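Below is one structure; the comments refer to it alone.
Protein chains: 2
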Amino acid sequence: MKMSTRGRYGTRAMLDIALNYEKGPVSLKDMAQRQEISVKYLEQLIPPLKAVGLIRSIRGAGGGYTLTRHPSKINLLEIMQSLERTSPVDCLDSPDVCSRINKCATYDVWKEIQESTNNILRSLTLADMMERQRTKSNKG
Amino acid sequence: MKMSTRGRYGTRAMLDIALNYEKGPVSLKDMAQRQEISVKYLEQLIPPLKAVGLIRSIRGAGGGYTLTRHPSKINLLEIMQSLERTSPVDCLDSPDVCSRINKCATYDVWKEIQESTNNILRSLTLADMMERQRTKSNKG
DNA sequence: AGATAATCCTATTATATTACTAGGGATTCT
DNA sequence: AGAATCCCTAGTAATATAATAGGATTATCT
Chain U
0 MKMSTRGRYG TRAMLDIALN YEKGPVSLKD MAQRQEISVK YLEQLIPPLK AVGLIRSIRG
60 AGGGYTLTRH PSKINLLEIM QSLERTSPVD CLDSPDVCSR INKCATYDVW KEIQESTNNI
120 LRSLTLADMM ERQRTKSNKG
Chain Y
0 MKMSTRGRYG TRAMLDIALN YEKGPVSLKD MAQRQEISVK YLEQLIPPLK AVGLIRSIRG
60 AGGGYTLTRH PSKINLLEIM QSLERTSPVD CLDSPDVCSR INKCATYDVW KEIQESTNNI
120 LRSLTLADMM ERQRTKSNKG
């Protein structure tokens, strides 16, 4: 029932890019400093995010990453799904890994859990997260 | 976002014991055959379940395991929590692993996910699962 | 009493996954 | 030219998980 650091760090990275949406591209170096994640590790989270078209890169000095859509048009499920396997158990994704699916009463439970988790992630956009972030910062 | 086999197998084991609630103790040998899980692996799931008082053992020939309460009085959250860490991220359990909690907007999301997952598991009793199992079996 | 069936306990190994690091190449800006 | 940046592939280290092994203990049954 664990979520990997890929998903967590990736979400933070995307939020970091979102918070700079108006200001231009965000470099991995800056992101790494703010998020306290190594540049090298961040580098590995980028390709999948690009592959699904959530971010765009600008190479060379002064370059970095920007969102391809407005923060209100990107939800957390898209981010998570690009970075890690979101199903709690394998049989939900590939039914052939287990021959017991039809008679397995627990199967439905894992499915329910997956759906509720996905619903939460789908309902939250980066814009929502930006708003939450602002609220938090003001309190601190 | 993965659930370990401990939790899955343990839940199936508990359901197996529940389905024999009226018939007396269930031996690991029988359970292993029905569930297609090795006796040796099942053996490892037992101690935590005993420790939290969900099952009771009867040693010696003809022995096995029985529930300590009626199946309607045991929910899946209790089972899962005894077998694996149920929080999606460590900072939910031990706030000191991360210094960013106060300013981290994503923290609240993982918390929401944990709560919705727990609510589902808490709402399902072994009696509910027995009912579902019966329905499934009749269809097959 | 003795054979058998079961739980109990501890340790070990195997496997997989995850997290992270390293090094160098390509591109763009100043 | 030189610096800053992304890009790509590979490799390693650490951790966690899954599974196995062997033997000790306890109870039942004949």
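Protein sequences appear in the order of chains U and Y.
Position 95 (the first sequence) corresponds to 94 in numbering that gives the first Met the number 0; numbering is contiguous.
Position 35 (the second sequence) corresponds to 34 in numbering that gives the first Met the number 0; numbering is contiguous.
No residue lacks a Cβ here, since even glycine has one placed at the ideal position from N, Cα and C.
None of the values given here were measured: they were computed from a predicted structure.
Q. How should G6 of chain U be labelled, buried or exposed, when 16 other C-beta atoms within 10 angstroms of its C-beta is the threshold for buried?
A. As a first step, residue 6 of chain U must be located in the first sequence, where it is residue number 7. Counting Cβ neighbours within 10 Å, G6 of chain U comes out buried, since at least 16 surround it.
Q | Length at least 3, wholly inside the region 42–101 of chain Y: the beta strand (DSSP E) runs in chain order | A | 54–57, 63–66
**Q.** Reduced DSSP category for K1 of chain Y - H, G, I as helix; E, B as strand; rest coil
**A.** Counting from one through the second sequence, the residue named residue 1 of chain Y turns up at place 2. In this structure, K1 of chain Y counts as strand in the three-state DSSP scheme.
Q: Determine the direct distance from the alpha carbon of N74 of chain U to that of A50 of chain U, and round the result to whole angstroms.
A: Counting from one through the first sequence, the residue named residue 50 of chain U turns up at place 51. Counting from one through the first sequence, the residue named residue 74 of chain U turns up at place 75. Here the alpha carbon of A50 of chain U sits roughly 16 angstroms from the alpha carbon of N74 of chain U.
(Q) Judging by CA-CA distance, which residue of Y:S136, Y:A17, Y:N118, Y:Q132 is the nearest neighbour of T67 of chain Y? (A) On the second sequence, position 68 is the one that residue 67 of chain Y refers to. Comparing Cα positions, the closest option is Y:A17.
Q) For a contact meaning CB atoms closer than 8 angstroms, what does T105 of chain Y contact in chain U? A) Your numbering for residue 105 of chain Y matches position 106 in the second sequence. Those within 8 angstroms of T105 of chain Y in chain U are R7, T10, R11, L14, M128.
Q: Would you mind working out which of U:K28, U:I36, U:Y20, U:I119 sits nearest M79 of chain U, comparing C-alpha positions?
A: Start at 1 with the first residue of the first sequence, and residue 79 of chain U comes out as number 80. It is U:I119.
Q | Buried versus exposed call for G9 of chain U [16 or more other C-beta atoms within 10 Å across all chains shown] | A | Walking along the first sequence from the start, residue 9 of chain U turns up at place 10. G9 of chain U is buried by the Cβ-count criterion.
Q: Closer than 6 angstroms by C-beta to D92 of chain Y: which residues in its own chain qualify, once you throw out the five before and the five after it? Chain order, please.
A: To locate residue 92 of chain Y, count along the second sequence from 1; it is residue 93. Cβ neighbours of D92 of chain Y beyond the five flanking positions: S86.
**Q.** L123 of chain U - containing alpha helix (DSSP H), residue span
**A.** Position 124 of the first sequence, counted from the start, is the residue given in the question as residue 123 of chain U. Careful: L123 of chain U lies outside any alpha helix (DSSP H) and carries neither H nor E.
Q.
In whole angstroms, give me the CA-to-CA distance for K28 of chain Y and K39 of chain Y.
A. For the purposes of this step, residue 28 of chain Y is identified with residue 29 of the second sequence, where counting begins at 1. For the purposes of this step, residue 39 of chain Y is identified with residue 40 of the second sequence, where counting begins at 1. Taking the straight line from one Cα to the other gives about 10 angstroms.
Q: For A12 of chain U, count neighbouring C-beta atoms within 10 Å of its own C-beta (all shown protein chains included) and say buried if the count is 16 or more, exposed if not.
A: Counting from 1 along the first sequence, the entry for residue 12 of chain U is found at position 13. Buried: at least 16 other Cβ atoms inside 10 Å.
(Q) Measuring alpha carbon to alpha carbon, tell me which residue in U:E21, U:I100, U:K110, U:S26 is nearest I45 of chain U. (A) Walking along the first sequence from the start, residue 45 of chain U turns up at place 46. Distance check between I45 of chain U and each of U:E21, U:I100, U:K110, U:S26 places U:S26 closest, using alpha-carbon atoms only.
Q: Give a yes or no on whether the C-beta atoms belonging to L125 of chain U and L14 of chain U are separated by under 9 angstroms.
A: Here the question's residue 125 of chain U lines up with position 126 in the first sequence. Here the question's residue 14 of chain U lines up with position 15 in the first sequence. In contact: L125 of chain U and L14 of chain U (Cβ atoms closer than 9 angstroms).
Q) Going by the CB atoms, is the gap between P94 of chain Y and G63 of chain Y shorter than 9 angstroms? A) Locating residue 63 of chain Y in the second sequence gives position 64, where the first residue counts as 1. Locating residue 94 of chain Y in the second sequence gives position 95, where the first residue counts as 1. Remark: C-beta atoms of G63 of chain Y and P94 of chain Y do not approach each other more closely than 9 angstroms.
Q) Where S122 of chain Y and R84 of chain U are concerned, what is the direct C-alpha to C-alpha distance, given to the nearest angstrom? A) Along the second sequence, read from residue 1 onward, the residue named residue 122 of chain Y stands at position 123. Along the first sequence, read from residue 1 onward, the residue named residue 84 of chain U stands at position 85. Distance between the alpha carbons of S122 of chain Y and R84 of chain U: 26 angstroms.
Q. What separation, rounded to the nearest whole angstrom, lies between the Cα atoms of T116 of chain U and C103 of chain Y?
A. Here the question's residue 116 of chain U lines up with position 117 in the first sequence. Here the question's residue 103 of chain Y lines up with position 104 in the second sequence. Their Cα atoms are separated by approximately 19 angstroms.
Q: Could you check how far apart the C-beta atoms of V108 of chain Y and M2 of chain U are, in whole angstroms? I think they sit under 8 angstroms.
A: Taking the second sequence and counting its residues from 1, the one referred to as residue 108 of chain Y is at position 109. Taking the first sequence and counting its residues from 1, the one referred to as residue 2 of chain U is at position 3. In fact, because the Cβ distance is near 10 angstroms, the residues do not count as touching under 8 angstroms.
Q. Is it buried or exposed for I57 of chain U, if we count other Cβ within 10 angstroms and need 16 for buried?
A. The sequence position of residue 57 of chain U within the first sequence is 58, counting from 1. That one is exposed.
Q.
Less than 9 angstroms between CB atoms is the rule here; does T67 of chain Y satisfy it with respect to chain U?
A. Here residue 67 of chain Y refers to the residue found at position 68 when the second sequence is read from its first residue. No, no contact with chain U.
**Q.** 7 angstroms Cβ cut-off: residues of chain Y touching M30 of chain U
**A.** What you label residue 30 of chain U is simply residue 31 of the first sequence in a count that begins at 1. Correct list: empty, because the minimum Cβ distance to chain Y is about 14 angstroms.
(Q) For chain Y, check one thing: does any of its Cβ atoms lie closer than 9 angstroms to the Cβ of P24 of chain U? (A) By one-based count along the first sequence, residue 24 of chain U stands at place 25. P24 of chain U does not count as touching chain Y.
Q) If we count the other Cβ atoms within 10 Å of its Cβ and call it buried at 16 or more, is E77 of chain Y buried or exposed? A) What you label residue 77 of chain Y is simply residue 78 of the second sequence in a count that begins at 1. So E77 of chain Y counts as buried.
**Q.** Any C-beta of chain U under 9 angstroms from that of L75 of chain Y
**A.** The residue you call residue 75 of chain Y lines up with position 76 of the second sequence. So, interface residue.
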